[in-house]
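Here's the structure, in structure tokens; my notes come after.
Numbering (mature numbering (1 follows the signal peptide of the UniProt record, and there is no 0)), first residue to last: -27 to -1, 1 to 100.
Okay, here's the thing in structure tokens:
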């Protein structure tokens, strides 16, 4: 009985700790930006060289063609050093993504960009 109480106590402590450190259910993932009809993200080995992926997930029905790319800024100056368009992609099942090797040095930050319908959208910076 005492062992059962100990196990219960440990499980209860873990549950409480998980509730304290868990992000809110609607929290935006790192490197993503919430748009009115979807989410634009960039993933990769920040801040080192490697393959980076720009992804767009559409929350509403219907397929569209989007232009995806990324921007790099110098962290110490805040100046955008480069804008690169990776290409156009039609969403499939509401999702589109393109990847490319980026030679990002330790001083650079990167964010995803998307163009559709004459408007440009951005994700959050990753540094």
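A virtual CB, placed ideally from N, CA and C, is assigned to each residue, including glycine.
Nearest neighbour of residue 32 by Cα position, chosen from 19, 12 and 25, turns out to be 12. In this structure the segment 86 to 98 lies against the segment 32 to 51, because at least three pairs of beta carbons, one per stretch, are closer than 8 Å. In the displayed model, residue 62 falls within a strand according to three-state DSSP. Sixteen is the threshold: when 16 or more other Cβ atoms of the shown chains lie within 10 Å of the Cβ of residue 28, as they do, the residue is buried.
Ranked by Cα distance from residue 8, the first of 90, 70 and 30 is 30. According to the DSSP assignment, residue 43 belongs to the beta strand (DSSP E) that extends over 38 to 47. The beta-carbon separation of residue 38 and residue 62, rounded to 7 Å, stays under the 8 Å limit for a contact.
In this chain, the beta strand (DSSP E) harbouring residue 31 covers 23 to 31.
By the criterion of a C-beta distance shorter than 8 Å, residue 65 is surrounded in its chain by 36, once the five residues flanking it on both sides are discounted. Secondary structure at residue 7: strand, using DSSP grouped into helix, strand and coil.
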